[in-house]
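Protein chains in written order, with the working numbering: chain A, 1 to 470; chain B, 1 to 451.
Accompanying notes for the structure given below.
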Amino acid sequence: MSTEHKNLTQTRLLKIRVPWMGYNLNHRRGSSVPQFCNSPTVIVMVGLPARGKTYISKKLTRYLNWIGVPTKVFNVGQYRREAVKTYKNFEFFKPDNEEAMRIRKACASAALKDVAAYFTKEHGHVAVFDATNTTRERRAVINSFAKEKGYKVFFVESICDDPDIITENIKQVKFGSPDYIDRDIEEAMTDFIQRIECYKASYTSIDDERDRKLSYIKIFDVGSRFLVNRVQDHIQSRIVYYLMNIHVTPRTIYLSRHGESELNLLGRIGGDSGLSPRGLKFADALAKFIRGQNIKDLKVWTSHMKRTIQTAEALGVQYEQWKALNEIDAGVCEELTYEEIQENFPDEFAMRDQEKYRYRYPKGESYEDLVHRLEPVIMELERQENVLVICHQAIMRCLLSYFLDKPADELPYVRCPLHTVLKLTPVAYGCKVESFFLNIEAVNTHRERPGNVSISRKTEEALLTVPDHN
Amino acid sequence: MRGSCHPNNPRDRTVCMTNCPTLIVTVGLPARGKTYISKKLTRYLNWIGVPTKEFNVGDYRRECLKIYKSFEFFRPDNEEGVKIRRQCAMSALNDVRQYLSVEGGQVAVFDATNTTRDRRGTIMKFAEQNGFKVFFVESVCEDPEVIAQNIVQVKLGNPDYMNCSSEEAIEDFMERVKCYETSYQPLDEDLDSDMSYIKIMDVGRRYLVNRVVDHIQSRIVYYLMNIHITPRSIYLCRHGESDLNIKGRIGGDSGLSSRGKEFAKHLRSYLEEQKIKDLKIWTSQMKRTIQTAECLGIPYEQWKSLNEIDAGVCEEMMYEEIQQHFPLEFALRDQDKYRYRYPKGESYEDLVQRLEPVIMELERQENVLVICHQAVMRCLLAYFLDKTSHELPYLKCPLHTVLKLTPVAYGCKVESVYLGVESVNTHRDRPENVNVQRSTEDALQTVPAHL
Numbered sequence: 001m002s003t004e005h006k007n008l009t010q011t012r013l014l015k016i017r018v019p020w021m022g023y024n025l026n027h028r029r030g031s032s033v034p035q036f037c038n039s040p041t042v043i044v045m046v047g048l049p050a051r052g053k054t055y056i057s058k059k060l061t062r063y064l065n066w067i068g069v070p071t072k073v074f075n076v077g078q079y080r081r082e083a084v085k086t087y088k089n090f091e092f093f094k095p096d097n098e099e100a101m102r103i104r105k106a107c108a109s110a111a112l113k114d115v116a117a118y119f120t121k122e123h124g125h126v127a128v129f130d131a132t133n134t135t136r137e138r139r140a141v142i143n144s145f146a147k148e149k150g151y152k153v154f155f156v157e158s159i160c161d162d163p164d165i166i167t168e169n170i171k172q173v174k175f176g177s178p179d180y181i182d183r184d185i186e187e188a189m190t191d192f193i194q195r196i197e198c199y200k201a202s203y204t205s206i207d208d209e210r211d212r213k214l215s216y217i218k219i220f221d222v223g224s225r226f227l228v229n230r231v232q233d234h235i236q237s238r239i240v241y242y243l244m245n246i247h248v249t250p251r252t253i254y255l256s257r258h259g260e261s262e263l264n265l266l267g268r269i270g271g272d273s274g275l276s277p278r279g280l281k282f283a284d285a286l287a288k289f290i291r292g293q294n295i296k297d298l299k300v301w302t303s304h305m306k307r308t309i310q311t312a313e314a315l316g317v318q319y320e321q322w323k324a325l326n327e328i329d330a331g332v333c334e335e336l337t338y339e340e341i342q343e344n345f346p347d348e349f350a351m352r353d354q355e356k357y358r359y360r361y362p363k364g365e366s367y368e369d370l371v372h373r374l375e376p377v378i379m380e381l382e383r384q385e386n387v388l389v390i391c392h393q394a395i396m397r398c399l400l401s402y403f404l405d406k407p408a409d410e411l412p413y414v415r416c417p418l419h420t421v422l423k424l425t426p427v428a429y430g431c432k433v434e435s436f437f438l439n440i441e442a443v444n445t446h447r448e449r450p451g452n453v454s455i456s457r458k459t460e461e462a463l464l465t466v467p468d469h470n
Numbered sequence: 001m002r003g004s005c006h007p008n009n010p011r012d013r014t015v016c017m018t019n020c021p022t023l024i025v026t027v028g029l030p031a032r033g034k035t036y037i038s039k040k041l042t043r044y045l046n047w048i049g050v051p052t053k054e055f056n057v058g059d060y061r062r063e064c065l066k067i068y069k070s071f072e073f074f075r076p077d078n079e080e081g082v083k084i085r086r087q088c089a090m091s092a093l094n095d096v097r098q099y100l101s102v103e104g105g106q107v108a109v110f111d112a113t114n115t116t117r118d119r120r121g122t123i124m125k126f127a128e129q130n131g132f133k134v135f136f137v138e139s140v141c142e143d144p145e146v147i148a149q150n151i152v153q154v155k156l157g158n159p160d161y162m163n164c165s166s167e168e169a170i171e172d173f174m175e176r177v178k179c180y181e182t183s184y185q186p187l188d189e190d191l192d193s194d195m196s197y198i199k200i201m202d203v204g205r206r207y208l209v210n211r212v213v214d215h216i217q218s219r220i221v222y223y224l225m226n227i228h229i230t231p232r233s234i235y236l237c238r239h240g241e242s243d244l245n246i247k248g249r250i251g252g253d254s255g256l257s258s259r260g261k262e263f264a265k266h267l268r269s270y271l272e273e274q275k276i277k278d279l280k281i282w283t284s285q286m287k288r289t290i291q292t293a294e295c296l297g298i299p300y301e302q303w304k305s306l307n308e309i310d311a312g313v314c315e316e317m318m319y320e321e322i323q324q325h326f327p328l329e330f331a332l333r334d335q336d337k338y339r340y341r342y343p344k345g346e347s348y349e350d351l352v353q354r355l356e357p358v359i360m361e362l363e364r365q366e367n368v369l370v371i372c373h374q375a376v377m378r379c380l381l382a383y384f385l386d387k388t389s390h391e392l393p394y395l396k397c398p399l400h401t402v403l404k405l406t407p408v409a410y411g412c413k414v415e416s417v418y419l420g421v422e423s424v425n426t427h428r429d430r431p432e433n434v435n436v437q438r439s440t441e442d443a444l445q446t447v448p449a450h451l
């Protein structure tokens, strides 16, 4: 081992220090936190139809991708729809329908094959295998498949016998399914219930005795009770924590930025200025809007920065401050205009345009860092019911991307204009968004990615997309 | 603490964890790890800023009884014994009420066997009368090896068995356990389906979690699901001496001095001697910790969360300069070093919040070496050694010294290993005069020597 100390260089984009030869550093994605996934993980859903498996699959996938763990859902029902084209009725699912059984088995195999391809060719880390997987036999097949390839397996079983919940599920997501597109509601309901019956006879829940060597979580009655067995690693622990915090109680999340600030008017980024006169007007308008919404038990959260607190003060209700909601730290660029950044740090400015998600300001943060520090906020938002979050442009982009499943390359360019409240309501497998501009003019602070992101670009090209300011 | 609703208190940071106080109630036969869990959970909750206290009914019994004779005391037909034990439980509950309702505590951990439904019913009534939420933590374990190990680790050193030989103690203790076994009614999925609880089975292999109702219970469950008792060691040290250290400047992102580089080599030798199985190494994203790790020849991971405290406007200043430019800030910091936040920077309190995921992952891991910074190391050490927020910012974490922490019994054994390479001292004690009007000499009295 050489006794010479290797010089460290700092990567220009992420500001990560690597030795010149760079081999002692574990390769990982994400600059804020170490990588925790060693072997790929297959999450296997288990449960009768209409138990929330697809809901959980999609939500979990969205969460894992947002925190930087490449995850993909493989819904076997979709493979079946591909193979069979037209769904006639529940008879397809009868256990004695040999032809159908063959097709369904083939679909499961095709999906597993795609899982393997996702891991090896697409560098995925987690695959969510979304199907009923209600027999021990089917689960054993998946387990062998995973073992053979060196994947970890974690089962997520959803058990629920509450007829109200099941009916609500069916209404929310089955009626819109391609399977029932040309049916009327009663027909669809009757058929679907028959479908569930087809599975019931052969359904064997994960057995706490016989399956005690497996890693799994059983979710009872939409989260009222959980059984967790043999959590193997960090990612499984995070998944369990997440699943234990989400709920399906209807509620609304409101996202808004602070009112227009003095620095906003001057086209300066960051800092900790107070509201401009129009910003103060917005705060009053926000109060009025919120009162008009008649929200039950609304929680209000702000950052620790003056402009969000001033905005919240106008609401006349209690609010909580989170340091984690503070705007992105622009380091050496704090309080500069884009023109000044171009003048003083043209290379940094260009690199930021090249990869805005990962780019870290010198002595500052990146969007990727933001996601890491917002994770506890998201977790708590999942636990809560009605919440209004008054935050900042970059923060709001991160939060919105979580709710609307925006990938990392879109996140930094999501539009979050001042004086506009976004109302998010969970519905079916996603989120309904309503945008309310509260009719108080404000500067535009959104800077699009310019055409030329090369370090050698001219000043005019760099400043092409800078919004107007004083 | 409820988060601030008024701008007068801009420094209050936390989200309100719970509205009403929470009573955590342990359940389980003797030697199932209840006290281990109680103490560890209490330590964790206090560290993250939730005032928590444990109430061990066995301690109350020892107070009352003074001398422990034998397991006969615990026989279910020993009326006198039963009476005394019930009184002790009531006495403890009274103190719980005092702590939660009067002294501003937020969580109380009621550590006793609580093995009968009847006893648990009494506690729940008590909680309801006082407006406390109840969360049960039951530990179920039938593995004889684990139980034997428990007994050896914590019972033999217990005041009850001070004057017995090991064999006598073990024999008596096993009889004691039997006294409880016949009347033990574990939490039942059906009968107790309305209660909030976690049942820990076989030291964490399996968990049953029922009706988690709020944030603090969710955090408690997450924590309990991440801790383990596999023997391992955690090594904490700072980066080698840096160029800014030598100049007496705080913060910044400088490289190692030549003595710092020397330390890194010594660290490598030390680790080789220790022969640690599967050692993980973590550093911050600052040059000085990475340079230190580079010499070790082992793959390491970088955590931004391990970066040194951000001193904001005071970054890279000497204490003399801080006193010169920001004498008010300097005094405020000395008045409340834990909560004080540098302008445009951080406080120790902020550090704890950003280090919580590091602690959680440290709990999950086995052998780890964390190469970090003075303030960060103080926070981590305070977690492991249960130091209060007053003590935390003044913990001594000198350069070139490795702290080896090994969990033992209910706490942590610490071995301090100075690796024999000279360095500056960077520890500044709290000066006597913390008044904002103090003189410069008073302010700079405890500044360590530097170039």
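Even for Gly, the Cβ is constructed at its ideal location relative to N, Cα and C.
Please classify residue i: is it buried, with 16 or more other beta-carbons within 10 angstroms of its beta-carbon, or exposed?
i, result
"B/Tyr60", "buried"
"B/Glu262", "buried"
"B/Pro7", "Per-residue confidence for B/Pro7 stands at a pLDDT of 31, beneath the threshold of 50, marking its modelled position as unreliable; the derived number appears in the next sentence. Burial call: exposed."
"A/Glu368", "buried"
"A/Tyr63", "buried"
"B/Gly248", "buried"
"B/Arg341", "buried"
"B/Cys179", "buried"
"A/Asn169", "buried"
"B/Arg430", "exposed"
Going by DSSP, what residue range makes up the alpha helix (DSSP H) through residue i?
i, result
"B/Glu272", "258 to 274"
"B/Ile216", "215 to 226"
"A/Val46", "Looking at the DSSP string, A/Val46 is not in any alpha helix (DSSP H); the run it does join, the beta strand (DSSP E), is 41 to 46."
"B/Met318", "Where B/Met318 is concerned, there is no enclosing alpha helix (DSSP H), given that its DSSP letter is neither H nor E."
"A/Ile166", "163 to 169"
"B/Asn150", "144 to 150"
"B/Glu189", "Where B/Glu189 is concerned, there is no enclosing alpha helix (DSSP H), given that its DSSP letter is neither H nor E."
So residue i and residue j are in contact, right, with Cβ under 8 Å, and what is the actual spacing, rounded?
i, j, result
"B/Glu315", "B/Gly251", "4 Å"
"B/Phe136", "B/Val96", "15 Å between Cβ atoms; not a contact."
For residue i, report the span of its beta strand (DSSP E) as first-last.
i, result
"A/Val156", "152 to 159"
"B/Ala108", "107 to 111"
"B/Gln302", "300 to 302"
"A/Asn229", "225 to 229"
"B/Gly204", "B/Gly204 -> no beta strand (DSSP E), and no H or E assigned at all."
"A/Gly430", "430 to 437"
"B/Glu422", "First-last for B/Glu422: undefined, no H or E at that position."
"A/Asn75", "71 to 75"
"B/Phe135", "133 to 140"
"B/Pro407", "401 to 408"
Let me see if you follow: with CB-CB separation under 7 Å, is residue i close to chain C or not?
i, result
"B/Lys287", "Absent from the structure is chain C; the protein chains it does hold are A and B."
Using a Cβ-Cβ cutoff of 7 Å, what residues of the segment 199 to 223 of chain B are near chain A? List them in chain order. Listed by position along the chain: Arg205, Arg206, Tyr207, Leu208, Val209, Asn210, Arg211, Val212, His215, Ser218, Val221, Tyr222.
Assess contact between the segment 378 to 388 of chain A and the segment 248 to 255 of chain A, defined as three or more Cβ pairs (one per stretch) separated by less than 8 Å. Is contact present? With a cut-off of 8 Å, the segment 248 to 255 of chain A and the segment 378 to 388 of chain A count as touching, because enough Cβ pairs lie within range.
Cβ-based contacts, 7 Å cut-off: residues of the segment 330 to 352 of chain B near chain A: Within the segment 330 to 352 of chain B, the residues whose Cβ lies closer than 7 Å to some Cβ of chain A are Asp350, listed in chain order.
Members of the segment 381 to 397 of chain A near chain B, C-beta cut-off 8 Å: Contacts with chain B (Cβ-Cβ distance below 8 Å) from the segment 381 to 397 of chain A involve Arg383, listed in chain order.
Residues of the segment 201 to 234 of chain A with Cβ closer than 7 Å to any Cβ of chain B, in chain order: So the close ones are Ser224, Arg225, Phe226, Leu227, Val228, Asn229, Arg230, Val231, His234.
With a cut-off of 8 Å, do at least 3 Cβ pairs link the segment 84 to 103 of chain A to the segment 190 to 206 of chain A? Result yes; three or more Cβ-Cβ pairs closer than 8 Å.
Using a beta-carbon distance cut-off of less than 8 Å, what residues from the segment 223 to 246 of chain B approach chain A? Taken in chain order, the members of the segment 223 to 246 of chain B whose beta-carbon sits within less than 8 Å of a beta-carbon on chain A are Met225, Asn226.
Using a beta-carbon distance cut-off of less than 9 Å, what residues from the segment 239 to 259 of chain A approach chain B? Along the segment 239 to 259 of chain A, the positions whose C-beta sits under 9 Å from a C-beta of chain B are Val240, Tyr241, Met244, Asn245, read in chain order.
Evaluate contact between the segment 154 to 171 of chain B and the segment 98 to 118 of chain B, counting only Cβ atoms and requiring at least three cross-stretch pairs below 8 Å. Contact check between the segment 154 to 171 of chain B and the segment 98 to 118 of chain B: fewer than three CB pairs, one atom from each, fall below 8 Å, which does not count as touching.
Validate contact between the segment 349 to 365 of chain B and the segment 215 to 230 of chain B using beta carbons, cut 8 Å, 3 pairs: Yes, they touch.
Using a beta-carbon distance cut-off of less than 7 Å, what residues from the segment 355 to 383 of chain A approach chain B? The residues in question are Asp369, Glu380, Arg383.
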